[in-house]
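*Asks:* Here it is: the structure, laid out below.
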Amino acid sequence: MSEIIYLDNNATTRVADEVLAAMTPFYREHYGNPHAIHSLGRRAHDGVEAARADVAELLGCSASEVIFTSCGTEGNAMVIRGLLDRHPDRRKIVTSAVEHPSVLTLLRALERENVIELDVVPVDQQGVIDLGRMNKAIDDRTLLVSVMLAQNETGVIHPIAKIAGMARARGARMHVDAVQAAGKIPISQKELDADFITISGHKFHAPKGIGALTIRKGIALQPLWYGGGQELGMRSGTEPVPAIVALAAAARLAREALPVYGRVRALRDRLESGIRARVEDTSINGVTQPRLGNTASIAFHDAKADEVVRALDAEGVCVSAGAACHSGSVEPSSTVKAMGIPLRAAMGVVRFSLSRYTTEAEIDRAVEIVGEVLGARMLK
Ligand code: PLP
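Counting in the working numbering, the sequence shown runs from 1425 upward without gaps.
Listed below in structure tokens is the structure:
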């Protein structure tokens, strides 16, 4: 089989060579505990603190506002649970219908347990949050508004600063899951007017197992667990120094690449137009909206997404399905369902997600393969 064409970068990414090179000395040479006072400890400590500054730079906040976590899921839970534990007086949380399960399933569980009152604001068929409903939902009992910056399946970018303004007007906190946005669009805690921002390294060429959370200065969260008091007491446990250094290296690379991210967008547009020219009855989710430049959510009408993914995989193209097979029947993802996409299109939603390393040759080959697989086998 020829080389794999990897177009599933919203699921996870390859670790960049520079990232691997940056982290390796922290396994082999600077392996001290960052809280030890000897020279190896100090070197590890310096690595962690330099990394904090790099991540702060990526997120437009100060280094003292950055906490290292293990992943996006942990950062999201840290905010939601940590804030609830601190504010027994406010019990309402407002979110959108297209949040990642790390937010939505946690909030639904807390609602079931009668810990919170939850208001899930709907989106339209393009994935646009109903801002009128959002404004009504946020009231003076609202503790937290949690909305993602960019949607993981469609890439649709949400108007966070507007929503944060609504939250602030009612004294609620604003949490932004920026896991998919990081490294793909500029992020600024100040401009977003966010109190908390979650990111995850493996989505932008750092290894799996490292992420970060920003906590705006002056805000207190209850930690999820206790121990040695690392990370400002928010995340006890010896820091994974090599992974932290890797996250910072990935953040630096991402910042350098942001000004030329238009190249990725041009390739994504080439992919979409190439596929539409070859396959009948397709639609592109979120196409009318501001979207991440790397994401194409394409509905192949009357096809079954999981079959499409398997057929493309057999030809060496890795993508992901917006609908999955459960006990014999295909079920659209919760995002696709929330968007109210008609069933005929919803069952065939496939996500293609590029990276900075995707080449034009890969896109052209992927378009050809999609044309062969879907033009001949699935639709006719
Ligand atoms: N939030 C969003 C928007 C995501 O896309 C993901 C992962 O796909 C997560 C959170 C969870 O991140 P992690 O896998 O690092 O826990």
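The C-beta atom is built at its ideal place from N, Cα and C for all residues, glycine as well.
Keeping to the same chain, check which residues put their C-beta closer than 7 Å to that of T1783; ignore five residues upstream and five downstream.
*Replies:* Result list for T1783: empty, nothing under 7 Å.
*Asks:* Shorter than 8 Å from the beta carbon of I1609 to some beta carbon of chain B?
*Replies:* In summary, chain B is missing from the structure at hand, where a single protein chain is found.
*Asks:* Which residues share a DSSP beta bridge with D1601?
*Replies:* D1601 is bridged to M1572, T1622.
*Asks:* Which same chain residues, not among the five before or five after V1518, have their C-beta less than 6 Å away from its C-beta?
*Replies:* Once the five neighbours on either side are set aside, the close Cβ partners of V1518 are D1543, A1561, I1562, T1566, V1569.
*Asks:* Is D1705 helix, strand or coil by DSSP?
*Replies:* Residue state, collapsed to three classes: coil.
*Asks:* Give the DSSP-derived three-state secondary structure of Y1650 in the structure shown.
*Replies:* Coil.
*Asks:* Would you call the CB atoms of I1540 and R1515 closer than 8 Å?
*Replies:* In contact: I1540 and R1515 (Cβ atoms closer than 8 Å).
*Asks:* Between G1551 and ligand 1, is the CB less than 7 Å from at least one heavy atom?
*Replies:* Every heavy atom of ligand 1 is 7 Å or more from the Cβ of G1551, so no.
*Asks:* Check for me: the alpha helix (DSSP H) holding L1555 runs from which residue to which?
*Replies:* Residues 1555-1561.
*Asks:* Given that a residue counts as buried once 16 or more other Cβ atoms are within 10 Å of its Cβ, and exposed if not, what is G1471?
*Replies:* Buried.
*Asks:* Going by beta-carbon coordinates alone, are A1630 and A1674 separated by less than 8 Å?
*Replies:* Yes; because the gap between Cβ atoms is below 8 Å, this pair is in contact.
*Asks:* Kindly confirm or deny that the segment 1752-1764 and the segment 1660-1680 touch, where touching means at least three C-beta pairs closer than 8 Å.
*Replies:* With the cut-off at 8 Å, the segment 1752-1764 and the segment 1660-1680 do not touch.
*Asks:* Out of V1774, V1741, A1762, which has the shortest C-alpha to C-alpha gap to A1748?
*Replies:* A1748 has its Cα closest to that of V1774, out of V1774, V1741, A1762.
*Asks:* On a Cα-Cα basis, can you pick out the residue from A1533, R1715, A1670 that is closest to L1444?
*Replies:* With distances taken between Cα atoms, L1444 lies closest to A1670.
*Asks:* Take the Cβ of G1595 as the centre, count every other Cβ of all protein chains shown within 10 Å, and call the residue buried at 16 or more, exposed below.
*Replies:* Classification for G1595: exposed.
*Asks:* Is the closest heavy atom of ligand 1 to the C-beta of C1495 under 7 Å?
*Replies:* Checking every heavy atom of ligand 1 against the Cβ of C1495, one is found closer than 7 Å.
*Asks:* Suppose the cutoff is 7 Å on Cβ atoms and the five residues either side in sequence are ignored; what does the same chain contact list for G1710 look like?
*Replies:* Cβ within range, chain order: Q1550, G1551, T1578, G1579, V1580, S1721.
*Asks:* Less than 7 Å separating the Cβ of G1635 from some heavy atom of ligand 1?
*Replies:* Indeed, a heavy atom of ligand 1 lies less than 7 Å from the Cβ.
*Asks:* State the DSSP-derived secondary structure class of K1804, mapped to helix, strand or coil.
*Replies:* Confidence is the limiting factor: at K1804 the pLDDT is only 40, short of 50, which leaves the residue's position unreliable, though a coordinate-based value still follows. Of the three classes helix, strand and coil, the one that applies to K1804 here is coil, per DSSP.
*Asks:* Taking 7 Å as the line, does the beta carbon of D1726 fall inside it for any heavy atom of ligand 1?
*Replies:* No, the beta carbon of D1726 sits no closer than 7 Å to any heavy atom of ligand 1.
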